[in-house]
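At the far end of the sequence shown sits residue 394, using UniProt numbering, and the numbering has no gaps.
Just so you know, even glycine gets a beta-carbon here, dropped at the ideal spot from N, CA and C.
For reference, the structure is listed below as structure tokens.
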Amino acid sequence: MSQQATTLFAVLLVLTAGVAPVGAVSEATPSDASAVGSTAQSNCSFPVNATDATGTEVTVEQSPERVVTLGPSAAQTMWEIGGKSQVVGVTKYSSYLNGTESRANVSGAGRTYVNVEKVVAQEPGLVLAANVISNETVGKLREAGLTVFKFAEAKSVADIYAKTNLTGELTGNCAGAAETVSWMKDRISTVREATEGESSPSVFVSQGGGWTAGNGTFVGNVVELAGGSNVAAEANITGYAKISEEVIVEQNPEWIVQIGALGGYPQTEAYNGTAAVENGQIVTVSSENISQPAPRVVYAIVKMAKSFHPEAFADANATTTTATATTESTETANTETTTKTTTDAPATTSEGAMQEATTTSTAADDSSSGSIPGFGVPAALAALAGAAMLARRR
């Protein structure tokens, strides 16, 4: 890996944050939830066999008492479905979750994201790896005798439902996972009901350096679920890519969504001339809410929907309380002024933990999946641009 690419990942690894929901709905129940394509089990049974992103059929013989999560999305999911007590090791960018200070940090010094030896030392019964963890790293952990499941990239919120239920099945938390998915669906349903019939404002998602999320990304799906129209998708941009200023001028977004600390839009004439900037319609969503393919993405959807459609939410007078014991936030949808420029402060971190990019202490990063969960790839690339700017300022 080149020094510039390494710097990219280091900066990229410093951007994820957040929490906050919506909706006057009854508390979710496990019976309401279902995985994509199959009904989620309310009671787990073992052994569990599932094919992971490396194409390996992984067998989990029994409910693991000790779990290591490689990537904050995996950790967040375990926290939300009630598996927090099983987690004995996390990566350094999961520190925004309450209780991680008592878990082993399996990241290495400096830019080393995963230290294989530290993971092995935790003697986990199962390792849950985000899709950005390189196949080489996964292979080394398996060679050490560990059971590792690597998740595929999430391209939609439906994929997050499936991933949440699968995490529950792998770890013996099926009921908690089903309840969490039901909670997510209830809140998103409330958003959809509140915004039904409303016009969809054009939205540009800024991941920094002109990078954005287009078709086939769960970040783009989040914008749609929030009642917005993604200008990148309208411009036929697929995946995570850099958008030209010509397209920005042509699309003239009514809103700009900034992803965390590194998600500022370029201060150029093209951007400053948009309706979004001229009208002060900028909303900043903490990156832990939106960049991690995990349950708290619901909070990003709610945050944006309340900004795009404040009157609809005021009429709904929707109050959201979390459905699971592990989620520690309550938000009243009509108590926050979200018109014009809006910011969403991170929960317990200063936008810590960008995306789940990976470097190991024993091998160079060669993630064969070719993409980063959530908006990882674009964010990574945007972060590289940011890293270059930081380097030039030194």
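Residue pairing of residue 57 in beta bridges, as defined by DSSP: 51. Under the 10 Å beta carbon count, residue 62 is surrounded by fewer than 16 other beta carbons and is classified as exposed.
Taking 3 residues as the minimum length, the beta strand (DSSP E) runs contained wholly in the segment 206 to 271 are 211 to 213, 240 to 242, 255 to 259, in order along the chain. For residue 263 and residue 167, the gap between their C-alpha atoms comes out near 29 Å.
For the pair of segments examined, the segment 119 to 129 was found not to touch the segment 158 to 165: the number of CB pairs separated by less than 8 Å stays below three. With at least 16 other beta carbons inside 10 angstroms of its own, residue 186 counts as buried. Taking each of 306, 51, 95 in turn and checking the Cα distance to residue 200, the smallest one comes out for 306.
Exclusion of the five residues before and after residue 83 leaves 171, 173 as the residues of its chain whose Cβ lies within less than 6 Å of its Cβ. Here DSSP, grouped into helix, strand and coil, assigns residue 89 to strand. Ranked by how close their Cα comes to the Cα of residue 220, the residues 282, 182, 189, 297 have 297 in first place.
Residue 127 carries a strand assignment under DSSP once its states are collapsed to helix, strand and coil.
Straight-line spacing of the CA atoms in residue 269 and residue 217 works out to 28 Å. Counting the other CB atoms within 10 Å of its CB gives residue 251 a total of 16 or more, which places it among the buried residues. In this structure residue 130 is in contact with residue 74, their Cβ atoms being roughly 6 Å apart against a cut-off of 8 Å. Distance from the CA atom of residue 284 to the CA atom of residue 303, rounded to whole angstroms, is 9 Å.
With fewer than 16 other beta carbons inside 10 angstroms of its own, residue 267 counts as exposed. For residue 104, DSSP records a beta bridge to 89.
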